[in-house]
Amino acid sequence: MPKRVRTGLTRSDILDRYIERFKQMLLKFQPFLSRKRGGVSLEDFDEAAEELIGQVFGAASNEAEAYVYAKTGESALLPEEAQESGTHNVERESLHQRRQVLESCLADLEMRRRVHVSREGKQGLKAMVEHYMSRDVRSIHQAATIKEAGRLLLKYKVGSLMVDDGSRYIGIVTDSDLSRKAVAKGLDPNNTTVMTCMSKAVTTIEEDEPVSEAMALMKKLGIRHLPVTADGTIIGVLSVADLLRALTE
């Protein structure tokens, strides 16, 4: 076990420093998106970004894994028209995926910072789940391919889809599921069905529960999308982005 060294910094100080480092990292990444010549090469930037993510979240974390997929251009199942337009679009998509991973890391840290502040004495969250959830429940049939799932995620700009058998919801599939359970294993997106990588055990929360309860549940289970129910019927979905909005407000 690594030896612990006292730095004199509080947890808030450490979170603030990490937040600032990710903000600086995003600023340094802007030239790559605008096709301007930056001060460092993309390879050097990737090395620095992976090192920072590893320090903050861990070398084997979901965030580190997501950045590797983004860097190699395997993190997203691109629509057919994007694939046909050549390597250029794949490279651009890879850059955008890098940025999204960094922005997700920053949002996660900012949420942790606000939670920590509330625990230090500020009034806790009293807002209800129903105030922040998305009421658009997007779904896909269990027999659909993971390529179709990727296309719908891009179309609706969401991070998850409920999976149904034609009459009821039987699971949930997320963008993380597609990356980790499908792309990482080299599964054929044209022939692999959603059932292959969906989560069958769907954890839900009632709409009249406090946001703090949803946050605790998502943290405990390590999930980023939580279906919301009213008397047992799914009526919406709460995401990490929704939690961040609740904390900000």
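Under our numbering, think of the first position of the sequence shown as 530, with each following residue one higher.
We put the beta carbon where it would ideally sit given N, CA and C, even for glycine.
Please read all numbers here as calculations on a predicted model, not as lab measurements.
Residue i - DSSP class collapsed to helix/strand/coil
{"i": "Thr674", "result": "strand"}
{"i": "Met662", "result": "coil"}
{"i": "Gly583", "result": "helix"}
{"i": "Ala647", "result": "One detail in the question is off: residue 647 reads as Ser in this sequence, not Ala. Note: Ser647 maps to helix in three-state DSSP."}
{"i": "Gly537", "result": "The predicted model places Gly537 with a pLDDT of 45, which falls under 50 and marks its position as unreliable, so this point remains unresolved."}
Whole-Å CB distance - residue i paired with residue j, under 8 Å assumed
{"i": "Val723", "j": "Ala678", "result": "5 Å"}
{"i": "Arg578", "j": "Leu631", "result": "The sequence shown places Ala at residue 578, rather than the Arg named in the question. About 7 Å separates the two Cβ atoms, so the contact holds."}
{"i": "Arg642", "j": "Leu544", "result": "4 Å"}
{"i": "Ile701", "j": "Ser728", "result": "5 Å"}
{"i": "Leu571", "j": "Arg550", "result": "Leu571 to Arg550, Cβ: 19 Å. No contact."}
{"i": "Ile675", "j": "Leu716", "result": "7 Å"}
{"i": "Val740", "j": "Met657", "result": "7 Å"}
{"i": "Cys726", "j": "Asp706", "result": "5 Å"}
Start-to-end residues for the beta strand (DSSP E) that takes in residue i
{"i": "Met691", "result": "Ser689 to Asp693"}
{"i": "Ala759", "result": "His754 to Ala759"}
{"i": "Gly765", "result": "Thr762 to Ser768"}
Residue span of the alpha helix (DSSP H) that contains residue i, given as start and end
{"i": "Ile548", "result": "Arg540 to Leu562"}
{"i": "Val569", "result": "First-last for Val569: undefined, no H or E at that position."}
{"i": "Ala656", "result": "Run containing Ala656: none; DSSP gives neither H nor E here."}
{"i": "Ala595", "result": "Asn591 to Thr601"}
Heavy atom of the ligand PLP within 7 Å of residue i beta-carbon
{"i": "Val766", "result": "Among the components modelled here there is no ligand, and therefore nothing to report on the ligand PLP."}
Original post:
Do the segment 730–740 and the segment 670–686 meet, that is, are 3 or more Cβ pairs less than 8 Å apart?
Top reply: Taking a contact to require three or more Cβ pairs closer than 8 Å, the segment 730–740 and the segment 670–686 do not qualify as touching.
Original post:
Counting pairs of beta carbons, one from the segment 663–671 and one from the segment 692–699, are three or more of them closer than 8 Å?
Top reply: The segment 663–671 vs the segment 692–699: in contact.
Subject >> Entirely enclosed beta strand (DSSP E) segments - the segment 676–748, minimum 3 residues >> reply: Considered as a whole, the segment 676–748 harbours 689–693 and 698–703 as its complete beta strand (DSSP E) runs of no fewer than 3 residues, in chain order.
Subject >> Stretch pair the segment 596–603 + the segment 625–639: three plus CB contacts closer than 8 Å >> reply: Yes: at least three Cβ pairs fall under 8 Å.
Original post:
Three or more C-beta pairs closer than 8 Å, one from the segment 762–770 and one from the segment 704–719: is that the case here?
Top reply: They do not touch, by the three-pair rule.
Subject >> Inter-stretch contact at 8 Å, needing at least 3 Cβ pairs: the segment 748–755 / the segment 764–775 >> reply: Yes, they touch.
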